[in-house]
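Report on one structure; see the data block that follows.
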Amino acid sequence: MEFREYIIEEALILIPVLIILGKFLKELPFLLDRYIPLILLFISVVLAVFLIGMSIEAVIQGILVAGAAVLGHQLVKQNKNISSEL
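In terms of my numbering, the sequence shown has 28 at position 10, counting the first letter as 1, and numbering is strictly consecutive.
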């Protein structure tokens, strides 16, 4: 089963957008890292509603896309940490 079975094609563009926004937010000195996923979740839901229209499906898509972006970032980050330890 692939993630594309859950995330609709129109919402896939939000994943790289959220990753880029996350990197920007990470550079802000006044913002604690623990708030970045919550901010990305909010932005993702708003953008999904904008793309798809106001519906429960749009909110769910926003949540799924935010999860994919944050999980993808963490997988890359953890893989770099493991590689540097070897």
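For every residue, glycine included, the Cβ atom is placed at its ideal position computed from N, Cα and C.
Comparing C-alpha positions only, which one of the options sits nearest to residue i?
i      : options                        : result
Leu-43 : Pro-34, Ile-54, Val-83, Ile-33 : Ile-54
Ile-81 : Ile-70, Val-63, Ile-31, Val-88 : Val-63
Leu-65 : Ala-84, Leu-89, Arg-52         : Ala-84
By a C-beta neighbour count over all protein chains shown, 10 Å radius and 16 as the cutoff for buried, is residue i buried or exposed?
i       : result
Ile-25  : buried
Leu-58  : buried
Gly-40  : buried
Ile-100 : exposed
Ile-31  : exposed
My guess is that residue i and residue j are in contact by the Cβ rule of under 8 Å, so how many angstroms apart are they, rounded?
i      : j      : result
Leu-69 : Ala-29 : 6 Å
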